[in-house]
Amino acid sequence: MLAPTLFILTYIGIALGKIPGVALDRVGIALLGAIAMVAFGVLTPESAFRAIDLSTILLLYSLMIISAQLRLGGFYTWSALKVLTLLARPKRFLLALMLLSGLLSALLANDIVCFAFTPVLAAALIQAQLNPLPFLLGLAVASNIGSAATIIGNPQNMLIGQVGQLDFGAFLLWCGPPAVIALVAGYGIILLCYRKKLAMKYPGPQVRSGSDWPPFDRWQTGKGLLAVGALIILFFTPLPREVSAITIAGLLLCSRRQKTRDILGLVDYHLITLFCALFIIIQGILQNEMVPDFVAQLAGRGIDLHNLPLLTVIAT
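Next up, the structure:
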């Protein structure tokens, strides 16, 4: 009962996001749960290390480096400012914003896109005294929808794709069209809900452009876009995805101008730590006999977890 207890307590903590009395966040709670799995003897240190899917971690780490190259090259800021030229036509601006953020999120991790776009977008909207809510909502919706189209769109897809050894092209073929339909639907729903509020004046403080926004560098941005293009091509070859990604990331580090410290400083180590901890926690519960017994009981009651529609409902 020790492994299930640790598993349940950890996931309750992750769901709540904190533990009263201590300054632990979700990453800290997950890491604490992973440590407990080893400390209480559920897993040995060796088995805990083997539980971490290194291919997923390498792929995630590599894509963060490529995203960092684009961010330091000012690509995200430049893209956001280009879209902002349509601000005088709110409906067209919303459409362009959602298309761009959806496309970029399909090629790069969606959290990076949101993190880079939001400050520029919010500042410009408040400067124009427009209600930022529908546009920020459009950014969030489009980024999440776009990220569902490819294996590399978000960390969850990377995990599913790597563990399931899913083909990049087949994944895109199956998930791309629904993502496009969902993006169109998302745009329509936002227009419907905010049809009278898109151009509504929003009295707020005047905001100047952030001095910490990276200036656009054509050469550094070109390198980043070339890396993304090369990586997509390599994903259609038999070469393992994590090998392709880490190779491209390594080449980007060989720069005469971008310091390694600056690039690696933009890697989300908290997210990587969270993934490693969750791998260990899940391995701890999988080693317990209660899991196969529970699955067998579900099957005995007619609940087949191999049933795709049923699994989709449960996952949703």
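Just so you know, we're using my numbering here: the sequence shown kicks off at 30 and counts up by one.
We treat Cβ as the ideally placed atom computed from N, Cα and C, and that holds for glycine.
Drop a sphere of 10 angstroms on the beta-carbon of residue i, count the other beta-carbons inside from all chains shown, and report buried for 16 or more, exposed for fewer.
{"i": "E271", "result": "buried"}
{"i": "L35", "result": "buried"}
{"i": "I332", "result": "exposed"}
{"i": "V112", "result": "buried"}
{"i": "P321", "result": "exposed"}
{"i": "W203", "result": "exposed"}
{"i": "C305", "result": "buried"}
{"i": "T358", "result": "An answer regarding residue 358 cannot be provided, because it is not within the stretch 30 to 345 covered by the chain."}
{"i": "Q235", "result": "Per-residue confidence for Q235 stands at a pLDDT of 47, beneath the threshold of 50, marking its modelled position as unreliable; the derived number appears in the next sentence. Under this definition Q235 is an exposed residue."}
{"i": "V71", "result": "buried"}
{"i": "L327", "result": "exposed"}
{"i": "C283", "result": "exposed"}
{"i": "P119", "result": "buried"}
{"i": "L221", "result": "exposed"}
{"i": "L268", "result": "exposed"}
{"i": "V51", "result": "exposed"}
{"i": "A325", "result": "exposed"}
{"i": "G215", "result": "buried"}
{"i": "V342", "result": "exposed"}
Give the single residue among the options whose Cα lies nearest to the Cα of residue i.
{"i": "P74", "options": "K252, T114, I309", "result": "I309"}
{"i": "F264", "options": "D297, P33, A208, L201", "result": "L201"}
{"i": "A278", "options": "A68, L87, V51", "result": "L87"}
{"i": "G42", "options": "S84, M30, L61", "result": "L61"}
{"i": "G313", "options": "P49, A44, R79, L133", "result": "R79"}
{"i": "L300", "options": "G131, M93, W242, G198", "result": "M93"}
{"i": "S172", "options": "I218, Y90, L137", "result": "L137"}
{"i": "Q191", "options": "S84, G253, P244, Q287", "result": "S84"}
{"i": "S134", "options": "D291, N317, I180", "result": "I180"}
{"i": "L123", "options": "L159, A97, G70", "result": "L159"}
{"i": "R28", "options": "G217, A328, L307, Q326", "result": "An answer regarding residue 28 cannot be provided, because it is not within the stretch 30 to 345 covered by the chain."}
{"i": "S130", "options": "F69, G253, T302, L212", "result": "L212"}
{"i": "P243", "options": "I210, S108, P267", "result": "S108"}
{"i": "I95", "options": "A151, L154, R330, D291", "result": "D291"}
{"i": "N355", "options": "P184, L165, P148, P119", "result": "The chain is shown only over 30 to 345; residue 355 falls outside these bounds and no answer can be derived."}
{"i": "I219", "options": "P206, A259, A169, T266", "result": "A169"}
{"i": "D54", "options": "T302, A199, F323, P338", "result": "T302"}
{"i": "I81", "options": "L307, L101, P338", "result": "L307"}
{"i": "L114", "options": "A153, L195, G193, P206", "result": "Correcting the residue type first, residue 114 is Thr in the shown sequence and not Leu. Looking at the Cα atoms, A153 is the closest of the given residues."}
{"i": "A97", "options": "P338, G329, T289", "result": "T289"}
{"i": "P33", "options": "V342, P338, I311", "result": "I311"}
{"i": "L195", "options": "P338, T266, V67", "result": "T266"}
{"i": "L101", "options": "P206, G251, A199", "result": "G251"}
{"i": "S273", "options": "F323, F197, V56", "result": "F197"}
{"i": "G205", "options": "P49, A125, L132, L126", "result": "L132"}
Thinking C-beta only, is residue j closer than 9 Å to residue i?
{"i": "L162", "j": "K226", "result": "yes"}
{"i": "L182", "j": "G175", "result": "With the sequence shown as reference, residue 182 is identified as Gly, and Leu is not the correct amino acid for it. It is a contact, given that the beta carbons lie within the stated cut-off."}
{"i": "L110", "j": "A157", "result": "no"}
{"i": "K47", "j": "I58", "result": "yes"}
{"i": "G103", "j": "D297", "result": "no"}
{"i": "M187", "j": "L89", "result": "yes"}
{"i": "V257", "j": "L99", "result": "yes"}
{"i": "T106", "j": "A145", "result": "yes"}
{"i": "G253", "j": "L281", "result": "yes"}
{"i": "L128", "j": "A151", "result": "no"}
{"i": "A44", "j": "A63", "result": "no"}
{"i": "A178", "j": "V149", "result": "no"}
{"i": "Q316", "j": "R286", "result": "no"}
{"i": "S91", "j": "I275", "result": "yes"}
Provide the residue(s) that pair with residue i in DSSP beta bridges, ordered along the chain.
{"i": "I218", "result": "Per DSSP, none; premise fails for I218."}
{"i": "V51", "result": "I48"}
**OP:** Please list the segments of the alpha helix (DSSP H) lying wholly inside the region 49-127, counting only runs of 4 or more residues, in order along the chain.
**Re:** Runs of the alpha helix (DSSP H) inside the region 49-127: 55-68, 74-80, 83-101, 104-112.
Original post:
Curious, which full-length alpha helix (DSSP H) runs of at least 4 residues does the region 182-216 contain?
Top reply: 184-192
**OP:** Starting from the N-terminal side, write out each stretch of the beta strand (DSSP E) that is 3 residues or longer and does not extend beyond the region 262-340.
**Re:** none
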